[in-house]
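Student: Let me give you the structure first, and then I'll get to my questions.
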Amino acid sequence: MDHHRDARSRCVVVLVSLESGHVMSVWAENNRERFRELNNKYMRSEKGRAVNQRANVKYRAKNITKTRAHTAVRDAVRRGDISAPTRCDECSEEKRLHAHHDNYLYPLDIRWLCSPCHQEWHDNNEALS
Ligand SMILES: [Zn+2]
88 MDHHRDARSR
98 CVVVLVSLES
108 GHVMSVWAEN
118 NRERFRELNN
128 KYMRSEKGRA
138 VNQRANVKYR
148 AKNITKTRAH
158 TAVRDAVRRG
168 DISAPTRCDE
178 CSEEKRLHAH
188 HDNYLYPLDI
198 RWLCSPCHQE
208 WHDNNEALS
C-alpha cells in the first residue's frame with residue numbers, strides 16, 4: 088500500500104490491484120461494482136474519452152520501444168508468422184497466454200507466459216528496453 092496525493096492534494100491511500108496491476112483507491116477496491124459503473128460511465132463520456140486518449144498517446148510516447156514490440160507481435164500473429172502455443176513456457180499449464188518480452192529491443196524474441204507467471208516475472212525482473 089502506498090500513499091499518494093491526488094490533484095486536490097488530499098492524501099489518498101491507494102493500492103495496486105493484484106489481478107490487474109492497476110492502481111485503485113481503497114474506496115474503489117471496497118466498492119468494485121459502483122467503481123466499475125462510474126468508471127464505465129466516465130469512459131463513455133466525451134471528457135473521459137479525451138482523457139483516455141491523451142493518456143494513451145502519452146503512454147505510447149514514453150514507452151515507444153515497448154509499444155513497438157507489442158505491435159510487432161500483434162502483426163506477426165495476424166500474419167500467421169508466429170502463433171501462441173497452448174501451454175505456458177514457464178509452468179506448462181494450459182491457459183490463456185501473454186506474449187512476454189525479456190527485452191523489448193528484440194520485438195519477436197518472446198516467451199508465452201500465463202498471467203500469474205507473467206506477473207511473477209515482472210515482479211522480480213525489469214524488462215530491458
Ligand atoms: Zn505459467
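Going by my numbering, the sequence shown opens with residue 88, and the numbers climb by one from there.
From the three backbone atoms N, C-alpha and C, an ideal C-beta is built for every residue, glycine too.
Less than 8 angstroms between the C-beta atoms of Ala148 and His188, yes or no?
Tutor: No. Outside cutoff.
Student: Taking the straight line between their C-alpha atoms, what separation do you get for Val99 and Ser112?
Tutor: Any reading at Val99 must be qualified, since the residue scores a pLDDT of 46, below 50, and its modelled position is unreliable; the value itself is stated next. Spanning the two alpha carbons is a distance of roughly 7 angstroms.
Student: Quick check on the burial criterion: 16 or more other C-beta atoms within 10 angstroms. Buried or exposed for Leu184?
Tutor: So Leu184 counts as buried.
Student: Do Leu215 and Trp208 count as a contact pair if the criterion is CB distance below 8 angstroms?
Tutor: Not in contact: Trp208 and Leu215 (Cβ atoms no closer than 8 angstroms).
Student: If you measure from the CB of Leu192, is any heavy atom of ligand 1 nearer than 7 angstroms?
Tutor: No; taking the cut-off as 7 angstroms, the Cβ of Leu192 has no heavy atom of ligand 1 nearer than that.
Student: Using 8 angstroms for Cβ pairs, my map puts Ala171 next to Leu195. What's the rounded Cβ distance?
Tutor: The pair is not a contact, with the Cβ atoms about 13 angstroms apart (cut-off 8 angstroms).
Student: Compute the Euclidean distance between the alpha carbons of Lys153 and Arg121, then round it to the nearest angstrom.
Tutor: Cα to Cα, Lys153 sits roughly 33 angstroms from Arg121.
Student: According to DSSP, which residues form a beta bridge with Glu180?
Tutor: Glu180 is not bridged to any residue.
Student: In three-state DSSP terms, what is Cys201?
Tutor: Cys201: strand per DSSP, three-state reduction.
Student: Where DSSP assigns a beta bridge to Leu215, which residues make up the other side?
Tutor: Asn190, per the DSSP bridge assignment.
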